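The end of the sequence shown is residue 726 by the working numbering, with every number in the run present.
Here's the structure we're looking at; comments come further down.
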Amino acid sequence: MLWTPSTTLSAEAQYWELQLVDPDPPVSHTMGLTGFAAGDIDGDGYVEFVTCGDGALLWYRPVTLERGLIAEGRFHVGLVLEDIDGDGKLEVVAGELDGKLRILWFKAGDRLSKPWRSFVLDPACGGSHDLLFADIDGDGKNELVAGNIKSLTVDIYRHQGAPTKPWTRHTVLSGYKREGTAARDVNGDGVMEIVSGPDILTAPPGGPYRGSWIRRCFAPSHREMCRAGFARISEGAAPDIILGESEYVDGRLSWFEGRRDDAGVLSWAEHRIDNGLYFAHSLHVFENDRPGCVKMLVAEMAEGGWHSPRNPDSTVRHYLTADGGVSWEKRILARATGSHEAEMCDVDGDGALEVVGKEWKRPQVQILKQRQECPALQRFQHKFVDLDKPYTSIELAVCDVTGNGRNDIVCGAWWYRNPDWRRFEIPGIEQVIYAHDIDGDGNAEIIGIERTKPLQTPPYDRLSERLVWLKKLDPEAGKWETHPVGTGGGDWPHGALIAPILPGNRLALVITHHGAWDSPQYPELFEIPEDPASSPWPKRTLAKLMYSEEIASGILSHGNANDLVLGSHLLQNRGDGTFAIQKVAEGFGAARTSVADIDGNGSLNIILGEQVLEREHELVKPVSRLAWFRRPAVGSSTPWEMHVIDHQLRCVHSMSIEDLDHDGIPEIVVGEHDPSRAYRNRCRLLVYKKANPEATSWYRHVLDDRFEHHCGAKAFEIEPGRFAIASHGWTDSRYVHLWEAY
């Protein structure tokens, strides 16, 4: 494939926007998505995607975000598009992963959404990891080349005018486990050579179907599992080869210069491009008419095979040379984003190439779109509000403390003044847990934990449920009016909410307890009296639920009263101060909870962030999901419908929802959490924006990847019309962060 070089290499677009075309394809997460191919299948002038894995062979039309099923089954990495029957349209060729290990090809009807026909190309191929079409014998027709890693063979398939019947197979090489297949006529005899891993295979003198091919190792420094491609990098007499080790945590990427000696014998000299590639299972090479000008796409996997550690720094990158391979420029297109079998093509017909692909074990279908300007949702600049916070905070809130119309940050036992972010102490409290206008005077009051033990006591041991509320008098001078609320029945509050959920829309404080996962510490409701200064506030058990995290409120059932959401449970407001419990999601251990109209139908949806904690010595790290849920229709007995936004997150313990770009559509802000590794956790702050009205496809923006977040990532207006995100961490206990939009 050709590419047009810029006047200078650095003139190309530097901003790439990731779209999750399908955040959660219908395949098993054990083997996930294996193969991927892109091309215009239906002849509409736009590219379609085909991908497969453990459960299904699927098609996608990314321009419209339509999708559908081609076939059910377990499919291998080998997947390729080719016009097999000569009708001018592409068919799909795929190998099965187990069972008979067949190679099949599939033909679409007049619409991709209609059932596809299937034909057996090889009834017992031996596990096709690599498939490609090339005119091997120079007869003007493409043959299928297959690297079959179960049978340890490289095979050529051809048909005799009847492609719907099984094809003739000729074994080129047997007995060697190899990955990485490419083909080109290297020696100019009209018959293509085949690269198979570090080996190059040449047809025997009698022709390509006259016996086994001659194997020669051209890359003795490379291991057996690779991705391979040809390119004209040097001005030598033979094509050069690019080879990258693909299944290792320390892969090597090199180009091999084709040379001929005086006797005309070919050899290849290695030139190192890069080292340390992590499961770089994507290699797509672009050449140009200008000699020595080559670009290639390389993508690492976020999670490789054989129980390898998950890589939080996986990248999608370009390598470019304009001087015949003397020097290479490396550009990172995306960080903390992996891909598998990625390639480049013009998806939307705008003349620019996109990176398209998918992830393997945690399956997602992806597009990386280049932008000439930084996308608005990536334009956030980080600064520290505090580098020296005295101890860990359990919550962060945003409210106007000074009364000047600007939101300030409240965290721990302190508040930070906007815009200079000077820290002020809130006397008499140990922790802030919530902020709300309790007495209706238009100013937010603070709900906090009363300090009952001396500061010499370790901070964790000072936590309790002696609750107070504070009304500001002169907060910059440390003057507050403190009133008791009462004492909760748990260890310390880990979730708090004030909302009009009592009859007559009266306010109540609801808290959950940190220890609820381990003991029956049930959520509690405190009724806020007409005079909040009267105490203690009446208290009762809200529901017998083992839940210890964030709470949200809104009209979510089909009544007119505000309901409560406690993770995967909806508490439907009966209107009399009592609540009926409804399960929203099974097997979803939510830590963060919010409500918003995500699908734009005028009704609120539930958004949940999952908490799956990772431990320091775990090799394969667990991941968590971010999902939204649509309520069932009136009178329906069906459960809430779950739509996964992302399932490659690390412990979603911070979340907020705001319309950050002022387009009337809410974005979701997420912060990852890792309590086990201080200052080296590689957690991310992300923003998600829906890519279609149905909210089945999402853009993902990584704003930062340095800090962990705990009950933070709060988006708010830092000044009228301009947003910021405030956050803090549990392990990074000294920091309070601010990301300002610019």
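For every residue, glycine included, the Cβ atom is placed at its ideal position computed from N, Cα and C.
Source: prediction; values computed, not measured.
For residue i, report the span of its beta strand (DSSP E) as first-last.
{"i": "Q415", "result": "I413 to H420"}
{"i": "N557", "result": "H553 to N557"}
{"i": "V34", "result": "E32 to R45"}
{"i": "T18", "result": "L17 to G23"}
{"i": "D169", "result": "D169 -> no beta strand (DSSP E), and no H or E assigned at all."}
{"i": "H727", "result": "With the chain covering only -15 through 726, there is no way to say anything about residue 727."}
{"i": "V76", "result": "E75 to E80"}
{"i": "C395", "result": "D392 to C395"}
{"i": "N132", "result": "E127 to N132"}
{"i": "L63", "result": "E50 to E66"}
{"i": "T536", "result": "With the sequence shown as reference, residue 536 is identified as Ala, and Thr is not the correct amino acid for it. Its beta strand (DSSP E) spans residues I535 to G538."}
{"i": "I120", "result": "No beta strand (DSSP E) holds I120; DSSP gives it neither H nor E."}
{"i": "L250", "result": "L250 to L261"}
{"i": "D183", "result": "D183 to T186"}
{"i": "C210", "result": "C210 to A215"}
{"i": "K698", "result": "K698 to E703"}
{"i": "H721", "result": "V720 to A725"}
{"i": "F510", "result": "E508 to E511"}
{"i": "Y400", "result": "W398 to Y400"}
Which class does residue i belong to by DSSP, given the choice of helix, strand or coil?
{"i": "W89", "result": "strand"}
{"i": "E343", "result": "strand"}
{"i": "Q350", "result": "strand"}
{"i": "D445", "result": "helix"}
{"i": "A545", "result": "coil"}
{"i": "N272", "result": "coil"}
{"i": "P147", "result": "coil"}
{"i": "L361", "result": "helix"}
{"i": "A729", "result": "In this structure the chain extends from -15 to 726, so residue 729 is not present and cannot be described."}
{"i": "Q566", "result": "strand"}
{"i": "C109", "result": "coil"}
{"i": "A336", "result": "coil"}
{"i": "L526", "result": "coil"}
{"i": "S238", "result": "strand"}
{"i": "C728", "result": "The structure shown does not extend to residue 728, since the chain is modelled only from -15 to 726, so the question has no answer here."}
{"i": "I709", "result": "strand"}
{"i": "R739", "result": "Outside the displayed span of the chain (-15 to 726) sits residue 739, for which this structure offers no information."}
{"i": "G667", "result": "The residue asked about is misnamed: residue 667 is Cys in this sequence, not Gly. In the structure shown, C667 sits in coil (DSSP, three-state: anything other than H, G, I, E or B)."}
{"i": "C695", "result": "coil"}
Could you compute how far the alpha carbon of residue i sits from the alpha carbon of residue j?
{"i": "G260", "j": "I582", "result": "41 Å"}
{"i": "A727", "j": "A545", "result": "For the chain, the structure presents residues -15 to 726; residue 727 sits outside this window and is missing."}
{"i": "H712", "j": "C109", "result": "55 Å"}
{"i": "M639", "j": "A710", "result": "11 Å"}
{"i": "A(-5)", "j": "A212", "result": "Confidence at A(-5) is low in this model, with a pLDDT of 41, below 50, so its placement is unreliable and the value that follows should be read with caution. The alpha-carbon atoms of A(-5) and A212 are separated by roughly 28 Å."}
{"i": "K698", "j": "V568", "result": "25 Å"}
{"i": "F707", "j": "W723", "result": "9 Å"}
{"i": "E1", "j": "R666", "result": "20 Å"}
{"i": "G83", "j": "W197", "result": "29 Å"}
{"i": "A320", "j": "T680", "result": "22 Å"}
{"i": "D26", "j": "D94", "result": "8 Å"}
{"i": "I591", "j": "S323", "result": "26 Å"}
From this set, the options, which residue's C-alpha is nearest residue i's C-alpha?
{"i": "N272", "options": "V282, H291, D307 and V249", "result": "D307"}
{"i": "S734", "options": "G396, A21 and E534", "result": "What is shown of the chain runs -15 to 726, which leaves residue 734 out entirely."}
{"i": "D688", "options": "R450, V452, L447 and P296", "result": "P296"}
{"i": "A662", "options": "L554, G479 and T715", "result": "T715"}
{"i": "Y160", "options": "G145, R199, D173 and A187", "result": "R199"}
{"i": "V636", "options": "D647, L669, P623 and E642", "result": "L669"}
{"i": "V300", "options": "M280, W290 and D645", "result": "M280"}
{"i": "L128", "options": "D121, Y303, L115 and V382", "result": "L115"}
{"i": "G70", "options": "I87, T471, G145 and A536", "result": "G145"}
{"i": "L49", "options": "P7, V77, M15 and E703", "result": "P7"}
{"i": "Y262", "options": "L554, W290, P443 and D658", "result": "W290"}
{"i": "P46", "options": "V31, F364, C383 and G322", "result": "V31"}
{"i": "S112", "options": "L96, Y141 and D121", "result": "Y141"}
{"i": "G559", "options": "G131, G181, A428 and P487", "result": "P487"}
{"i": "H726", "options": "V720, V653, P650 and L644", "result": "Residue 726 is actually Tyr in this sequence, not His. Checked all of V720, V653, P650 and L644; the closest Cα to Y726 is L644."}
{"i": "P606", "options": "V382, V416 and A286", "result": "A286"}
{"i": "E284", "options": "S298, R294, P275 and P9", "result": "S298"}
Quick one: does the C-beta of residue i sit closer than 6 Å to a heavy atom of the ligand HEM?
{"i": "E570", "result": "Among the components modelled here there is no ligand, and therefore nothing to report on the ligand HEM."}
Can you find a C-beta in chain B that's less than 7 Å from the C-beta of residue i?
{"i": "I413", "result": "Looking for chain B here will not work: only one protein chain is present."}
Restricting to runs no shorter than 3 residues, where is the beta strand (DSSP E) found entirely within the segment 429 to 488? 429 to 434, 450 to 458, 463 to 471 and 477 to 486
I'd like the ranges of any beta strand (DSSP E) spanning at least 3 consecutive residues and lying wholly in the segment 275 to 334. 278 to 283, 299 to 305, 313 to 319 and 324 to 329
Item to complete: Output the residue ranges of the beta strand (DSSP E) runs that lie fully inside the segment 573 to 632 and measure 3 residues or longer, sorted by chain position.
Response: 574 to 580, 589 to 594 and 608 to 614
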